[in-house]
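Here the structure comes first, spelled out in structure tokens, and everything after it is commentary.
Protein chains in written order, with this note's numbering: chain A, 1362 to 1701; chain B, 1362 to 1701.
Structural data, given as structure tokens:
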């Protein structure tokens, strides 16, 4: 075994790790708790790689590239992380810190953008798609002709902060009625204001019993998600919007709400009906390794570039597509058990 | 003189025509009234080409390609026009009708998308830009790395029908509070409900005298334009948004309103401020030949394709970029007087 590409999705509570073989099969997946602050995050990344190599039966010397998806602003060209507030990181050259101990190409990418690359690879068809993440926040990654589309300054797909209601709630970004205020987990839980282990599920449940706030928030989630889909199609005109993130743990209940909303809008607008948005949305399957797989593919792309840090993965150097998505559909080997 | 590429921008009241030399200089421009219905439009196109050849001193046999920008849905692959309601055309194979008398490649493109190609060429830098047309309706064309970006089904840039206020006026498309209801000339004039030769200018003037409806509509124009710019940057992340169309006849008065609005939004949102939207907007210069020049370039691109109707200019066959923008900045020859 050799030529292993490692991908890590570093979240606010856990790191999902995945090892991809030279044959594009997933050798192993694992999940460990994340760390806090610069040192905590670096230590957790090394711990995740160690756990993964135990799981997959390979050594660090067999790893040829590492890709890391992380929430926050990322200077993908330099491998630096900026303003990853959920991780207590203000500015960190994560790629350099990892390379200091594992001397292979290390790519760092915004987690949603990395997940878009993974989702495109898993779908098999990534000619024209967006991955819309309904997590604590809301953002999307756009993949066109198999490559991640960054845009001119790396904000392509940031539809979470499109205001769709001037009378809406204030967003963390300072605007009113951003899409994220309707369907971002953080904003919804703040508006809900009650505890519980799965507040979004509580909201869906209580909406059915007539709780007015729950009903309002549940309708808002569908409205926000529909607005995000509409924005992605009317601006970038992606063929398909794949939806993932924490809120999609609700599965078909969320999808049914979204489809009902889109169809109600279609009924009122022949123009919207002609776009067939309801036929263009998909949920990322539960437990999908899109995020860590995408990170592995981002790392592999960096390795294949002639000059990793000034090659194709350049932030802000024009609208050049940057990260090729694997052409094949990686197969999940049953031996590589999924933890957690 | 030979190898002349002709471009026509067919509007609801006039046709703007332009002839481009082999050396990328504008040989001639002219403007004639448009026609109504299938036969009227076809006759007006031929009349425009005749007037243009008189103006530029060339014959039809020297024309090597024709490009036509036209409002409405366009099947760019087949050269057919669909639903051009302002011209009384329901379905017309305009390319075939023109080729029947002038046997050269004829491309037909949506007028805003053609203008985006022309605006990119005139700017010299078309690496990452949108052309936002504030005309009767509102739409944008996106140009990335010098090529028009159609999207998966040809709706890329259709930001006019993004709803930004659920409590807003009903749009012709059936939704409420579309961007077009705020800054589309048709919707604004309908809401204004008074006559006058230049109603948009009246609205700007009367807003300053305290007329409440005028003030509301004027503020709405800036809000709508700002929303369109924000949508284009947060979704497609174009570096620059060039704004043209009838409403921009107001020139700096419109631009000042828009910049003031964007800066007020920046003051409320550090996130928006970081996008520097106010530094990313430009007005298309008054009298710019962007639309007819773009049409000429679209026609030239079709000619250069090996198989014009199944080559790169394919509608709906994926997200492939399609129409190269000329690399140079065509120079306007002073001999080719601009009419009208």
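Just so you know, even glycine gets a beta-carbon here, dropped at the ideal spot from N, CA and C.
(request) May I have the straight-line CA-CA distance separating residue 1494 of chain B from residue 1586 of chain B, to the nearest angstrom? (result) Put simply, the backbone Cα of residue 1494 of chain B is about 10 Å away from that of residue 1586 of chain B.
(request) Starting from residue 1595 of chain B, find everything on chain A with Cβ-Cβ shorter than 7 Å and list it in chain order. (result) In chain order: 1516, 1519, 1520, 1522 and 1523.
(message) I want to know whether the stretch 1377-1397 of chain B touches the stretch 1618-1627 of chain B - three or more CB-CB distances under 8 Å.
(response) Cβ pair count under 8 Å is below three, so no.
(request) May I ask you to verify whether the stretch 1648-1662 of chain A touches the stretch 1465-1479 of chain A, counting CB pairs closer than 8 Å and requiring at least 3? (result) The stretch 1648-1662 of chain A, when compared against the stretch 1465-1479 of chain A, does touch it at the 8 Å Cβ threshold.
(message) So for residue 1426 of chain B, helix, strand or coil by DSSP?
(response) Collapsing the DSSP output to three states places residue 1426 of chain B in a strand.
(request) Alpha carbon to alpha carbon, how far is residue 1629 of chain B from residue 1639 of chain B? Give it in angstroms, no decimals. (result) Between residue 1639 of chain B and residue 1629 of chain B, the C-alpha separation is close to 14 Å.
(message) Run through chain A and tell me which residues come within less than 7 Å of residue 1636 of chain B, C-beta to C-beta.
(response) Neighbourhood of residue 1636 of chain B in chain A, by CB distance below 7 Å: 1516, in chain order.
(request) For residue 1534 of chain B, go through chain A and note every residue whose CB falls closer than 8 Å to its CB, in chain order. (result) 1630, 1631, 1632 and 1633, listed in chain order.
(message) Determine, for residue 1598 of chain A, whether the minimum Cβ-Cβ distance to residues of chain B falls below 7 Å.
(response) True, the Cβ-Cβ gap to chain B drops below 7 Å.
(request) Closer than 9 Å, Cβ to Cβ, to anything on chain B: give me those residues from the stretch 1502-1516 of chain A, in chain order. (result) Those residues of the stretch 1502-1516 of chain A that come within reach of chain B (Cβ to Cβ, closer than 9 Å) are 1503, 1505, 1506, 1510, 1511, 1512, 1513, 1514, 1515 and 1516.
(request) Examine chain A for any beta-carbon lying closer than 7 Å to the beta-carbon of residue 1526 of chain B, and answer yes or no. (result) For residue 1526 of chain B, the nearest beta carbon of chain A is closer than 7 Å to its own beta carbon.
(message) In chain order, what are the residue ranges of uninterrupted beta strand (DSSP E) at least 3 long that sit wholly in the stretch 1487-1540 of chain A?
(response) 1489-1495, 1499-1505 and 1508-1510, all fully within the stretch 1487-1540 of chain A.
(request) Compare the C-beta of residue 1592 of chain B with all C-beta atoms of chain A and state if any pair is closer than 7 Å. (result) With respect to chain A, the C-beta atom of residue 1592 of chain B has a partner C-beta closer than 7 Å.
(message) At a CB distance below 7 Å, what residues from the stretch 1484-1497 of chain A approach chain B? Give them in sequence order.
(response) Residues of the stretch 1484-1497 of chain A whose Cβ lies closer than 7 Å to any Cβ of chain B, in chain order: 1488 and 1489.
(request) Answer yes or no: does any C-beta atom of chain C fall closer than 7 Å to that of residue 1562 of chain A? (result) No chain C appears in this structure, whose protein chains are A and B.
(request) With DSSP as the reference, please indicate the residues paired to residue 1627 of chain A in a beta bridge. (result) None; residue 1627 of chain A has no bridge partner.
(request) Could you give the DSSP three-state label for residue 1609 of chain B: helix, strand or coil? (result) The answer is helix: DSSP assigns residue 1609 of chain B an H, G or I state.
(request) Write down the C-beta distance between residue 1516 of chain B and residue 1636 of chain A rounded to the nearest angstrom, noting that I regard them as a contact closer than 8 Å. (result) Taking the Cβ atoms as the reference, residue 1516 of chain B lies roughly 7 Å from residue 1636 of chain A, within the contact range of under 8 Å.
(request) Leaving out five residues on either side along the sequence, give the residues of the same chain with a beta carbon under 8 Å from the beta carbon of residue 1537 of chain B. (result) Around residue 1537 of chain B: 1524, 1526, 1527, 1528, 1529, 1530 and 1531.
(request) Mark residue 1702 of chain B as exposed unless 16 or more other C-beta atoms lie within 10 angstroms of its C-beta, in which case mark it buried. (result) This structure cannot speak to residue 1702 of chain B, because chain B is shown only from 1362 to 1701.
(message) According to DSSP, is residue 1383 of chain A part of a helix, a strand, or is it coil?
(response) Three-state DSSP puts residue 1383 of chain A in coil, outside helix and strand.
(message) Between the alpha carbons of residue 1414 of chain A and residue 1428 of chain A, how many angstroms are there, rounded?
(response) If I take the Cα positions, the gap works out to 15 Å.
(message) To the nearest angstrom, how far is the alpha carbon of residue 1676 of chain B from that of residue 1489 of chain A?
(response) Low per-residue confidence applies at residue 1676 of chain B: pLDDT is 21, beneath 50, and the placement is therefore not dependable, though the value from the model is reported in the following sentence. Going from the Cα of residue 1676 of chain B to the Cα of residue 1489 of chain A covers about 14 Å.
(request) Please list the segments of the alpha helix (DSSP H) lying wholly inside the stretch 1408-1469 of chain B, counting only runs of 4 or more residues, in order along the chain. (result) Those alpha helix (DSSP H) runs which fall completely within the stretch 1408-1469 of chain B and span 4+ residues are 1455-1460.
(request) State whether the stretch 1598-1606 of chain B contacts the stretch 1549-1560 of chain B, with contact taken as three or more CB pairs (one from each stretch) at a distance under 8 Å. (result) Contact check between the stretch 1598-1606 of chain B and the stretch 1549-1560 of chain B: fewer than three CB pairs, one atom from each, fall below 8 Å, which does not count as touching.
(message) Using 7 Å as the threshold, is the C-beta distance between residue 1474 of chain B and residue 1507 of chain B below it?
(response) Residue 1474 of chain B is not a Cβ neighbour of residue 1507 of chain B, given a cutoff of 7 Å.
(request) Determine the direct distance from the alpha carbon of residue 1591 of chain B to that of residue 1634 of chain B, and round the result to whole angstroms. (result) Straight through space, the alpha carbons of residue 1591 of chain B and residue 1634 of chain B are spaced by roughly 11 Å.
(request) Could you tell me whether the Cβ atoms of residue 1545 of chain A and residue 1598 of chain B are closer together than 7 Å? (result) For the 7 Å CB-CB criterion, residue 1545 of chain A and residue 1598 of chain B do not form a contact.
(request) State yes or no: is the C-beta of residue 1412 of chain A within less than 7 Å of the C-beta of residue 1391 of chain A? (result) In this structure, residue 1412 of chain A sits near residue 1391 of chain A, with a CB-CB distance shorter than 7 Å.
(message) Considering Cα atoms alone, identify which of B:1419, B:1651, B:1541 and B:1574 is closest to residue 1497 of chain B.
(response) Ranking B:1419, B:1651, B:1541 and B:1574 by Cα distance to residue 1497 of chain B puts B:1541 first.
(message) I need the straight-line Cα distance from residue 1573 of chain A to residue 1535 of chain A, nearest angstrom please.
(response) Rounded to whole angstroms, the gap between the alpha carbons of residue 1573 of chain A and residue 1535 of chain A is 26 Å.
(request) Using the Cα positions of residue 1457 of chain B and residue 1484 of chain A, report the straight-line distance between them to the nearest angstrom. (result) For residue 1457 of chain B and residue 1484 of chain A, the distance between alpha carbons rounds to 40 Å.
(message) Please tell me whether residue 1611 of chain A and residue 1644 of chain A are closer than 7 Å, where the distance is taken between their beta carbons.
(response) Contact: no.
(message) Counting only beta-carbon separations shorter than 7 Å, does residue 1659 of chain B have a partner in chain A?
(response) No, because no Cβ of chain A sits closer than 7 Å to the Cβ of residue 1659 of chain B.
(request) Whole angstroms is fine: what's the gap from residue 1355 of chain B's alpha carbon to residue 1601 of chain B's? (result) Outside the shown range of chain B, which is 1362 to 1701, sits residue 1355 of chain B, and nothing can be said about it.
(request) Would you give the residue range spanned by the alpha helix (DSSP H) that residue 1368 of chain B belongs to? (result) From DSSP, residue 1368 of chain B is part of no alpha helix (DSSP H) but of the beta strand (DSSP E) over 1365-1371.
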